[in-house]
């Protein structure tokens, strides 16, 4: 009787171990739709550089655990992170001559339209790629779960797609050091309340900074330096109560520095130099008690520096 009971308990333990192992395997297995899509993308690349990062992308391996630059959701095996920064991809010369390298990435989109999509994708890093040029596809707006997007250091052209307004979960958006141009659509900032960092610096963006920037209530870093922005700094910028870093330098921004700037009590660094700002320094400036760095030279400012600015004790 005791022997039978022992066998029963032992069998139960083995069953639990087997089920646990099976469950572990299931959560790690790459979803076939995503695997096929990424292999289709790889097929259009003839050289991924000296690191051979795409060499791990084979049909006989698990894309979730064995593919470089790919990470998945453990619960369903869907690809959520695609991180392939640096000089790693080289398309055939004849293809690059006929159309932008970016269309190699669009092959992935074309495939996904037929076989599925990357709606589970949360992180996409395609920064610092030598041949990544052309316009940013509007299809990016369909990546509704995206929280991190880094396209900096490329040769991307044209406007920032209006479809970015649908990226409601976005926390980090890096588009700096490209050739982007045109105005920023006001709607892009109307519903992106979760974003923490935005960097559009070193592009050719123009027009006024939209007042909808005031909706970015979670923002702690805003960098628009070295563009062609004009018009006034929107007073709505005073709504960014969590802002730590503000850089609007090296543009063509005119008008007065808004009094609302004094509402940014957490602000540590502000760069407004090399613009066309006029008038006097706002009397609200001394309210920036967390300020460490303040550069406002090379403008058309008049009047004297408020004596109460001495209350900003950390200012260097």
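In mature numbering (1 follows the signal peptide of the UniProt record, and there is no 0), the protein residues as written are -29 to -1, 1 to 287. Note that CB positions come from ideal geometry on N, CA and C, so glycine has one too.
Asked	Found
One or two residues paired with residue 292 in a DSSP bridge	Only positions -29 to 287 of the chain appear in this structure, which leaves residue 292 out of reach.
Residue 157 versus residue 181: straight-line alpha-carbon distance, rounded	5 Å
Range covered by the beta strand (DSSP E) that runs through residue 160	Segment: none, residue 160 is in no beta strand (DSSP E) and carries neither H nor E.
Assigned exposure category for residue 45 - 16 Cβ within 10 Å defines buried	exposed
Length of the line joining the Cα atoms of residue 47 and residue 3	11 Å
Secondary structure of residue 271, DSSP reduced to three states	strand
Cut-off 6 Å between Cβ atoms - residues of its own chain near residue 6, not counting five sequence neighbours on either side	34
Outcome for residue 36 when other beta-carbon atoms lying within 10 angstroms are tallied against a minimum of 16	exposed
Residue 78 to residue 9 span [Cα, whole Å]	Confidence in residue 78 is poor, its pLDDT being 48 and thus under 50, which makes the residue's placement unreliable; the coordinate value appears in the next sentence. Straight-line Cα distance between these residues: approximately 10 Å.
Residue 118, buried or exposed, once every other Cβ within 10 Å from all chains shown has been counted against 16	buried
Residue from 126, 93, 143, 91 whose Cα sits closest to the Cα of residue 106	126
Terminal residues of the beta strand (DSSP E) in which residue 256 lies	Looking at the DSSP string, residue 256 is not in any beta strand (DSSP E), and its letter there is neither H nor E.
Residues that DSSP places opposite residue 322 in a beta bridge	There is no way to answer for residue 322, as the model of the chain reaches only from -29 to 287.
Sub-7 Å separation of residue 160 and residue 186 beta-carbons	yes
Minimum Cβ-Cβ distance from residue 267 to chain B less than 7 Å	Absent here is chain B; the protein component of the structure consists of one chain.
Reduced DSSP secondary structure (H/G/I, E/B, other) of residue 105	strand
Same chain, Cβ closer than 7 Å to residue 142, neighbours up to 5 away in sequence not counted	118, 119, 165, 166, 167
Simplified DSSP state of residue 6, which is helix, strand or coil	helix
Contacting residues, own chain, Cβ-Cβ under 6 Å from residue -1 (five flanking each side not counted)	48
C-alpha gap between residue 240 and residue 113, whole angstroms	34 Å
Length-filtered (4 minimum) alpha helix (DSSP H) runs lying within the segment 34 to 60	none
Reduced DSSP secondary structure (H/G/I, E/B, other) of residue 199	strand
Rounded C-alpha distance that separates residue 267 from residue 184	21 Å
Anticipated Cβ contact below 8 Å, residue 214 with residue 237, distance rounded	6 Å
Bridge-paired residues (DSSP) for residue 240	216, 264
Identity of the residue in 189, 179, 140, 258 nearest residue 152 by Cα	179
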